[in-house]
Amino acid sequence: MRADAYFSFSLTVAEGKRLIGKGVAALPQVQRAMAEGIVVVTRSTTSGYVLEELLGEEVDRCSFVTGRTLPSAHPERGELLTGDTPEMVLRNGEVQEDTAADDLLDELRAGDVIIKSPNALDYRGRQVGYLIGAPTGGTVGRYLGPAHGRHLWFVAPCGLEKQVASDLVEASRLLMSGGDRLRGPSLWVTPAEIVTELDAIRLLTGAQAMQIGAGGVMGAEGAAWITAYGTDAQVEAAQALVAEVHGEPEMLEYAR
Numbered sequence: 227m228r229a230d231a232y233f234s235f236s237l238t239v240a241e242g243k244r245l246i247g248k249g250v251a252a253l254p255q256v257q258r259a260m261a262e263g264i265v266v267v268t269r270s271t272t273s274g275y276v277l278e279e280l281l282g283e284e285v286d287r288c289s290f291v292t293g294r295t296l297p298s299a300h301p302e303r304g305e306l307l308t309g310d311t312p313e314m315v316l317r318n319g320e321v322q323e324d325t326a327a328d329d330l331l332d333e334l335r336a337g338d339v340i341i342k343s344p345n346a347l348d349y350r351g352r353q354v355g356y357l358i359g360a361p362t363g364g365t366v367g368r369y370l371g372p373a374h375g376r377h378l379w380f381v382a383p384c385g386l387e388k389q390v391a392s393d394l395v396e397a398s399r400l401l402m403s404g405g406d407r408l409r410g411p412s413l414w415v416t417p418a419e420i421v422t423e424l425d426a427i428r429l430l431t432g433a434q435a436m437q438i439g440a441g442g443v444m445g446a447e448g449a450a451w452i453t454a455y456g457t458d459a460q461v462e463a464a465q466a467l468v469a470e471v472h473g474e475p476e477m478l479e480y481a482r
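Counting in our numbering, the sequence shown runs from 227 upward without gaps.
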């Protein structure tokens, strides 16, 4: 754990999402599929950042959402998130405007990429969980089988604020045992190619990264405190990267 330099900093959830988007775009398997393959980006607030980094241009992130968690005191904020934009298909890096992701299932081949942001994270176990409301399993049900059967990359961009205290497998078993007594979504747990803020720092700068704290106020609720460490050059690169994402507007500010 000893290193030449250390740098500790905090990231809001929005800043973390921007950093994660950059990290996903830097994954070697994503770059390969962008050059000569298919990348399917499914809808979520985090995936909106990923899509912007892949395309190198702004997208309407308010329309690139699906299920959402809103403050109970302000449910009307959901009206700012239209969800009008469907899943995005990129073939050789080009947007396929008239191609529905469902139509691609038979075309997907080994090395192609599915990007699906989760709802829960077990970082040490390298597992993620998806809240499932649809009786057929929703987006996860559509893509996870082909991901295994066709040897696709199943990439899960995920902020550290989604780390949960429960054992994900035990939580999934509990919900499955509820039967018709269950009110609300179930939980689908799977391994994935996880990209958090920590992974993005390593991918983009070569520095190692460790979470050392969490939480905040006045818009920093859900923030992560992180320490990057490594050579002087790596830590300097991490400082420059953090400076680049600092100031990313929160979703409510962006939507308005």
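Idealized CB from N, CA, C, for every residue including glycine.
Taking 7 Å as the threshold (C-beta atoms), are residue j and residue i in contact?
i	j	result
P411	G359	yes
E279	K248	yes
S273	V265	no
A373	I340	yes
E447	L245	no
G319	M260	yes
L281	L334	no
Within the 7 Å Cβ cut-off, does residue i reach chain B?
i	result
D329	Structure shown: chain B not included; a single protein chain is present.
So, at 7 Å on beta carbons, what are the nonlocal neighbours of residue i in its own chain, with the 5 sequence-adjacent residues on each side left out?
i	result
M477	A240, T271
T292	R269, S270, G309
V415	Q353, G355, L394, V395, S398
G364	I358
S343	S270, T272, S273, A382, P383, C384
R258	G337
Measuring alpha carbon to alpha carbon, tell me which of the options ends up nearest residue i.
i	options	result
S234	Q465, Y275, H472, L330	Q465
F290	G367, E305, E313	E313
L277	R368, A252, K388	A252
A426	L331, L413, A382	A382
L357	G367, L331, A454	G367
A418	E284, R350, T311	R350
P475	T453, Y275, Y455, S343	Y275
Q389	G439, Q257, G405, Y369	G439
Whose C-beta lies closer than 6 Å to the C-beta of residue i among residues of the same chain, with five residues either side of it excluded?
i	result
Q460	T431, G432, A433
N322	It should be noted that the sequence gives Gln, not Asn, for residue 322. V315, listed in sequence order.
A231	D458, V461
P301	none
R303	L296
F380	I340, A373, A418
Using the C-alpha atoms, what's the distance from residue j back to residue i?
i	j	result
T457	M436	15 Å
L296	G385	17 Å
W451	A463	18 Å
M444	S236	14 Å
I420	L347	9 Å
R317	P254	16 Å
G337	A299	44 Å
D324	R228	52 Å
L331	P361	20 Å
T311	N345	20 Å
V285	R409	35 Å
S392	L400	11 Å
V471	E387	17 Å
R428	R407	44 Å
A454	R294	31 Å
R376	E283	31 Å
G263	L467	28 Å
D329	Y369	12 Å
Skipping 5 residues on each side, what residues in its chain have a beta carbon closer than 8 Å to that of residue i?
i	result
L306	C288, L478, A481, R482
G442	S236, T238, G448, A449
Practice task
Entirely within the stretch 280–347 and at least 3 residues each: give me those beta strand (DSSP E) ranges in chain order.
Solution key: Correct list: 314–317, 339–341.
Exercise for the section: Could I get the ranges of all uninterrupted beta strand (DSSP E) runs contained in the stretch 406–463, with 3 residues as the minimum, in chain order? Expected result: Runs of the beta strand (DSSP E) lying entirely within the stretch 406–463, each at least 3 residues long, are 412–417, 419–421, 434–440, 450–456 in chain order.
Exercise for the section: Please specify which runs of the beta strand (DSSP E), each continuous and at least 3 residues long, are wholly inside the stretch 257–283, giving them in chain order. Expected result: Fully enclosed beta strand (DSSP E) runs of 3 or longer: 264–267.
Practice task
Taking only runs that begin and end inside the stretch 360–408, name each unbroken alpha helix (DSSP H) of 4 or more residues, in chain order.
Solution key: As far as the stretch 360–408 is concerned, its whole alpha helix (DSSP H) runs of at least 4 residues are 364–375, 394–402.
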